[in-house]
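> Can you read through this structure? Questions will come right after.
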Amino acid sequence: MITAGVDIGTRFAKICIVDEGKIVSFAESGVDRKISLLMRDLFSQALKEAGISKREVAKTSLTGYGAGLVKIRGRIFSEPRCIAAAIKGEACQTRTVADVGGIFIHAAVVENRGRIKNFASNEKCAAGGGKFLEMVCKALGKGIADLSPCAAKAKAPYSITSNCAVFAESEIVSQVNAGAHPNDILAGAVNLIASRAATLIERVGLGGDVVLTGGVPRIPAFQKALESRLEKQTILPDFAPQLAAAYGAALLASE
-7 MITAGVDIGT RFAKICIVDE GKIVSFAESG VDRKISLLMR DLFSQALKEA GISKREVAKT
53 SLTGYGAGLV KIRGRIFSEP RCIAAAIKGE ACQTRTVADV GGIFIHAAVV ENRGRIKNFA
113 SNEKCAAGGG KFLEMVCKAL GKGIADLSPC AAKAKAPYSI TSNCAVFAES EIVSQVNAGA
173 HPNDILAGAV NLIASRAATL IERVGLGGDV VLTGGVPRIP AFQKALESRL EKQTILPDFA
233 PQLAAAYGAA LLASE
């Protein structure tokens, strides 16, 4: 059975086309236009890549912050349930999963049958995930691609004290004007997000491997900082980590 999973996040939208449990194609884009147009474009791209027509997709499921805005027939599942379904398909063992996205950070212990044992999430704040890192990079005239190389060169990572993105931005500007090196500030921003993720992981408990999903774990500096904070290695799934919720939604659609 061919199914589709749609994840409308706070920063990006993703679609996964799945056939017999395997991802055959996907498409992703920033949430930068009308949802109906965004869905049309993403579905068109994913279907073209898969080499199938829309009528061949038996079922579609949705998840994410904006799932309720999408006018597509299909069940809506919570992000944690979708991510658990995606990770469950990888290995039959208990794992701790941390999903670090644009604004939200979720952590959960997922048992071997996909049941969520413990769950925790951060408060909704732009200083909580990828959007904050984008803001810091922009304030310093850098791109996300510069984040890891620059952070690796930091000599004295700056400790950002503000919990609010607005105040944090002002704090960063003040530090730049005071002569702080951009590399140290970027490293400090990465450490802040890693620390918040680690706090949630420790709250739910370390159950076996620590698997990272979401867009932020694609940044090598983040994974390194998190491992340092946890004093434990982390792993990425076999699929692109930002697709976890969409992939899981597609898997749940087939049940």
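Numbering (my numbering), first residue to last: -7 to 247.
All C-beta atoms, glycine included, are put in the ideal place defined by N, C-alpha and C.
Note that the structure is a prediction, hence the values are computed from the model and not measured.
Are the stretch -7 to 1 and the stretch 49 to 59 touching by the rule of at least three beta carbon pairs closer than 8 Å?
yes
> Pop quiz: Cys104 and Gly197 are said to be a contact at Cβ under 8 Å. What is the actual Cβ separation, rounded to whole angstroms?
Here residue 104 refers to the residue found at position 112 of the sequence shown. Here residue 197 refers to the residue found at position 205 of the sequence shown. Before going on, a small fix: residue 104 reads as Asn here, not Cys. Between Gly197 and Asn104 the Cβ distance is about 15 Å, and since that is not below 8 Å, they are no contact.
> Any idea what DSSP makes of Val168, helix, strand or coil?
To locate residue 168, count along the sequence shown from 1; it is residue 176. If DSSP states are grouped into helix, strand and coil, Val168 belongs with the helices.
> Can you tell me whether Lys147 is buried or exposed? The criterion is at least 16 other CB atoms within 10 Å of its CB, across all chains shown.
The count along the sequence shown starts at 1 and reaches residue 147 at position 155. Residue burial is scored here from C-beta neighbours: Lys147 has fewer than 16 other C-beta atoms within 10 angstroms and is therefore classed as exposed.
> Would you mind sorting Arg87 into buried or exposed? The rule is 16 or more other CB atoms within 10 Å of its CB.
Residue mapping note: residue 87 aligns to position 95 of the sequence shown, counting from 1. Per the 10 Å Cβ criterion, buried.
> By the DSSP assignment, the alpha helix (DSSP H) with Cys129 in it spans what residues?
As a first step, residue 129 is located in the sequence shown; it is residue number 137 there, counting from the start. Taken as a continuous stretch (DSSP letters only), the alpha helix (DSSP H) holding Cys129 covers Gly122 to Ala131.
> Which value, in whole angstroms, describes the spacing of the CA atoms of Gly1 and Val168?
By one-based count along the sequence shown, residue 1 stands at place 9. By one-based count along the sequence shown, residue 168 stands at place 176. Put simply, the backbone Cα of Gly1 is about 32 Å away from that of Val168.
> Kindly indicate which three-state DSSP category Arg65 falls into: helix, strand or coil?
Working through the sequence shown from its first residue, we reach residue 65 at position 73. Reduced to three states, the DSSP call for Arg65 is coil.
> Could you give the uninterrupted runs of the alpha helix (DSSP H) lying entirely in the stretch 29 to 115, keeping only those of 4 residues or more?
Note on the stretch 29 to 115: whole alpha helix (DSSP H) runs with a minimum of 4 residues are 71 to 80, in chain order.
> Given a cut-off of 9 Å on the beta-carbon distance, is the pair Ile7 and Gly(-3) in contact?
Counted from its first residue, the sequence shown places residue 7 at position 15. Counted from its first residue, the sequence shown places residue -3 at position 5. Yes. Within cutoff.
> To which residues does DSSP link Ser21 through a beta bridge?
If you number the sequence shown from 1, residue 21 lands on position 29. Residue pairing by DSSP places Ser21 opposite Ala5 in a beta bridge.
> Where do the ends of the alpha helix (DSSP H) carrying Asp138 lie?
The residue you call residue 138 lines up with position 146 of the sequence shown. It spans Ile136 to Ala144 - the alpha helix (DSSP H) in which Asp138 sits, taken as one unbroken run.
> Would you mind working out which of Asp24, Ile9 and Ser28 sits nearest Phe18, comparing C-alpha positions?
Here residue 18 refers to the residue found at position 26 when the sequence shown is read from its first residue. For Phe18, the nearest C-alpha among the options comes from Ile9.
> Only counting runs of 3 or more residues, tell me where the beta strand (DSSP E) segments fall wholly within the stretch 172 to 232, in order along the chain.
You should have 201 to 205.
> Just the Cα atoms here: how many angstroms apart are Val128 and Val165?
On the sequence shown, residue 128 is found 136 positions in, with the first residue counted as 1. On the sequence shown, residue 165 is found 173 positions in, with the first residue counted as 1. Rounded to the nearest angstrom, the two C-alpha atoms are 9 Å apart.
> Could you check the C-alpha separation between Gly133 and Ala238 for me, to the nearest Å?
Position 141 of the sequence shown, counted from the start, is the residue given in the question as residue 133. Position 246 of the sequence shown, counted from the start, is the residue given in the question as residue 238. Whole-angstrom Cα-Cα distance: 32 Å.
> Could you give the C-beta distance for Val182 and Ala143, rounded to a whole number, given that I count them as a contact under 8 Å?
Here residue 182 refers to the residue found at position 190 when the sequence shown is read from its first residue. Here residue 143 refers to the residue found at position 151 when the sequence shown is read from its first residue. Contact flag correct, Cβ pair sits at about 5 Å.
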